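Everything in the sequence shown is counted per our numbering, starting at 8 for the first residue and increasing by one.
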Amino acid sequence: MAVQWELAEGWSVRAASQRAEAPEGELPASVPGCVHTDLVAAGVIGDPTSGRGGGEEATAWIGRTDWTYARAVRTEEAALADSHERVDLVFDGLDTVADVSIGGHALGGSRNMHRSYRFDATGALRGGAGRELAVAFASPYSYAEDMRERLGARPAAYDEPYQFIRKMACNFGWDWGPTVVTSGIWRPVRLHAWSTARLAQVRPEATIEEEDGRTRGVVRLHVRIERTGQGRDTPLTLTARLGGREEAVHVAAGRSHAVVEAECPDPELWWPRGYGGQPLYGVGLTLADAREGRILDEWHRDIGFRTVDLDTRPDDDGTPFTVRVNGRPVLVKGFNWIPDDCFPSRIAPGRYAERIGQAIGAGANLLRVWGGGIYESADFYRVCDERGVLVWQDFPFACAAYPEEEPLASEVEAEAREGVVRLAHHPSLALWCGNNENLWGRRDWGWEEELAGRTWGEGFYHGLLPRVVAELDPTRPYIPGSPYAPPGHHPNDPAHGPAHIWDVWNERDYTAYREYRPRFVSEFGFQAPPAFATLRGAVPDGPLAPDAPGVLRLQKAEDGAGKLARGLAPHFGSPRSDEDWHFLAQVNQARAMAVGVGHFRAQWPRCSGTVVWQLNDCWPSLSWSAVDGPGRRKPVWFALRRAFAERTVALVPDGGSGLAAVLGNDTDREWASPVRLVRRSLSGAVLAESEVRVAVAARGAARVALPEELTAADDPARECVTAEAEGAEREWWFFAEDAETAFPDPVYDVKTRTDGGRTRVTVAAGSLLRDLCLFPDRLDPAAEADDGLITLLPGESHTFTVDGVAEADAAALGGPPVLRCVNDAVRGG
Ligand code: BMA
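See the structure below:
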């Protein structure tokens, strides 16, 4: 029987080029891992994410150095070559440009982080105990810069050569991530010892077929077999298993391709969360020697039965972009996903479950794996399959003109063919997308002139990639890019297909979201600092002011601090302290995204989805994320949970000084509820009210214009409107900006009760309290609260649940800086 022998132990790493900064000799190396994390572990550099030891600049030499990973072949490993006809050395991922050898005997090389590699090591291992297995990495900069020299420079959003090497683009730095250009064995490596034949590739194609009024799920397994020299003439049997049924096919001597079809009558359909269940069916395949019955290889995956398509039939308003699963339109509530760590080899499977769980907790049903990152590991897609999260997968191209010449063209094709086959069985995978912002960049960012006729990736996005998808994953939709509009329209025309709305953050106020009538928004976002504990962890000393050097180190966006300040000022004025800045900037992000999502969702089904930029971070950044680098939720997360809820009430401007309440019902049941609308003074007194009964259709929306006595404030600085419907959270409308609102001094009474590691914090309001938040991470970095941004009227109370605060500290939960509300930072009017 075949043997899979993991090679995780016994590795060392050494610098292979002369550099003053490089350590002498060998250091212990982690596999999977990368040079940076090995150097941190050895104490040679500080963790660039921690704020100690000079940060990313102090590590810049690492990406300009050649490195060799090595390990001695062990006796039992060499012996595998005696007991098997073939022993392959299999790398699930090499980052990036490497030559692999055993005892000086070259096995092959890698030039692409997005591929796996298999080398025949039989000869080199035979009698090879003690020989050095070496993986010699060339500096990624040297390779990419040579390639640039050879193929000609091309424009890019960042002054780094990332489009000249098939490596995660954001590794060269991004507007939310550090420049830490890694080398290393970033995914597992093993020896695979086998005889006769093995399953070289299994490509499952799951479809639902109707026949004589009956539904059947069909899985076609397209199998490629590799044989050893001795196995060439062996007849083989392939047996597929699905739901207790078996199907076998004979593979004659010498043949290396076969298709096995397995069937499942009346399958239960897979749905995104909120629309139905996520039944998964195990599909197994065995390869056996047909004469002896000896099993040679096995394969297993969990698949699901569902259809997915895009409705893009032009209508009077332009070109929709509606994702349909099993024929039903889905209101997409999504997040953009970036690599969850600037060193992706550090991401353990549990991290995916936790982070995707946070997206789900906020109500999301889709994640877009953004093109500046990677094809994620199997764990990512497995969690999405099990929990009903649709995946929009970009091919790894972002914000640059990419050369289409060799050797890059072949690398792109090889990586796409492998990536598509690897991921095609996941029912969560809904869409392939050619790139991030490259169609837009070519059109608007002055690339055409700079390119002077050079290739820029068009042939990939409009030719190679759709061809690969059509051949290897024919049931799944493909779009050339994000943003995208059909020919004849500007790629980022909001009336046609998915759009990115960035002028709002970059140049305008967040209220400008309300000027948009998009069909689908695949990116839009607003920045805020990370949690206090995150910031303090990364800036160990000194003030946490927006312009403090330690804080600016974590702000990678062009003029990010200026944009944050300009975004804040119209709403909150200038904060009185660093503490207030931190809190108000977070609240402002939450307000911005609530306005954006609320406004776009109110246009359902015309606007069929929003994908927030961005769910996560790869280090303790000031960024657009809802969850910060170490995984702490920012206040915006709670705002999004409200905006993405199944049933929502949004108050939106409705012409002139008018207001409308828009009820959103993202469930399969009609929602009939009285809607109570009240204009009140900030002291709570009811100034005008009305109640209407509204029936909102299943998966529908309804709009109620507010009567004038509710929308005409007598004193805009001292009044607000509330809208309430059964089963939805209360919505608030303030007539004036916070900076001009005559908020009362906050008056409240706090009671805490600690039981085990859990504390209940009940805040009883004596005055209006605007956007009450609890930040227990200020007491214990591991503590978190279950809610945030709660606005209370005098006389109301709210109980927060806090995990992880010691009883002795519980008293500190009762006031600033842990318990905050807007009216302890701003008292306008
Ligand atoms: C879009 C993304 C990213 C970027 C983000 C914020 O352009 O595609 O490239 O990080 O905006 O600027």
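No residue lacks a Cβ here, since even glycine has one placed at the ideal position from N, Cα and C.
As the structure is a computational prediction, the values presented were derived from the model and not from experiment.
Alpha carbon to alpha carbon, how far is VAL209 from ASP391? Give it in angstroms, no decimals.
-> The question names Asp, yet the displayed sequence has Cys at residue 391. Distance between the alpha carbons of CYS391 and VAL209: 21 Å.
In three-state terms, what does DSSP make of PHE467?
-> helix
Can you list the beta strand (DSSP E) stretches of 3 or more residues lying completely in the segment 560 to 643, in chain order?
-> 616 to 619
Please name the residue, chosen from GLU457, TRP454, LEU458, ASN445, that lies closest to HIS469 on a Cα-to-Cα basis.
-> ASN445
Leaving out five residues on either side along the sequence, give the residues of the same chain with a beta carbon under 6 Å from the beta carbon of GLY734.
-> ARG654
Is the beta carbon of ASN443 within less than 6 Å of some heavy atom of ligand 1?
-> yes
Secondary structure at PHE387, three-state DSSP: helix, strand or coil?
-> helix
What's the gap between the Cα of TRP463 and the Cα of ALA9?
-> 44 Å
What is the DSSP secondary structure of TRP74, reduced to helix, strand or coil?
-> strand
Skipping 5 residues on each side, what residues in its chain have a beta carbon closer than 6 Å to that of ALA247?
-> LEU228, GLU254, VAL267, ALA269, LEU292
Closer than 6 Å: ASP182 CB and nearest ligand 1 heavy atom = yes
What does a CB cutoff of less than 6 Å around GLY795 pick up in its chain, not counting 5 residues either side in sequence?
-> PRO642, PHE645, CYS780
Proximal residues to CYS433 (C-beta, below 6 Å), its chain only, five neighbours per side dropped = Before going on, a small fix: residue 433 reads as His here, not Cys. Closer than 6 Å at the Cβ level, and outside the excluded window around HIS433, lie TYR388, ASP392.
Tell me whether ILE4 sits in a helix, a strand or coil according to DSSP, three-state version.
-> A question about residue 4 goes unanswered here, because the residues of the chain that appear run from 8 up to 836.
Run of the alpha helix (DSSP H) containing ARG429, from where it starts to where it stops | 415 to 430
DSSP puts LEU249 in a beta bridge; with which residues?
-> ARG252, VAL290
Given that a residue counts as buried once 16 or more other Cβ atoms are within 10 Å of its Cβ, and exposed if not, what is GLU412?
-> exposed
Go through its chain and collect everything with a Cβ distance to PRO801's Cβ below 7 Å, but skip five positions before and after it.
-> SER690, GLY691, ALA772, GLY773, SER774, LEU775
Are the segment 66 to 80 and the segment 177 to 194 touching, with three or more C-beta to C-beta distances below 8 Å?
-> yes
Hey, out of GLY58, SER628, GLU16, GLU31, whose CA is closest to VAL38's CA?
-> GLU16
Using DSSP bridges, identify the partner residues of ASN443.
-> ALA405, SER489
Compute the Euclidean distance between the alpha carbons of VAL142 and SER190, then round it to the nearest angstrom.
-> 11 Å
Does DSSP classify TYR755 as helix, strand or coil?
-> strand
What span of residues does the alpha helix (DSSP H) with SER149 cover, start to end?
-> 147 to 158
Closest by C-alpha distance to GLY281, when choosing among TRP306, VAL337, ALA297 | VAL337
Do PHE328 and GLY504 come within 7 Å of each other at the CB atom, strictly closer than that value?
-> yes
Distance between LEU46 and TRP512 (C-alpha atoms, nearest Å) | 37 Å
Three-pair Cβ contact test at 8 Å for the segment 689 to 709 versus the segment 669 to 678 | yes
Under three-state DSSP, which class holds PRO39?
-> coil
Under the three-state DSSP convention, the category ILE52 falls into = coil
Check whether PHE531 and GLY448 have beta carbons under 7 Å apart = no
Is the segment 361 to 372 close to the segment 132 to 150, with three or more CB pairs under 8 Å?
-> no
Can you grab the Cα-Cα spacing for the pair ARG598 / PHE312, in whole Å?
-> 39 Å
Output the boundary residues of the beta strand (DSSP E) element that contains PRO660.
-> 654 to 660
For ALA355, does the count of other Cβ atoms within 10 angstroms reach 16, so buried, or fall short, so exposed?
-> exposed
Within the present structure, is the beta-carbon of CYS406 separated from the nearest heavy atom of ligand 1 by less than 6 Å?
-> yes
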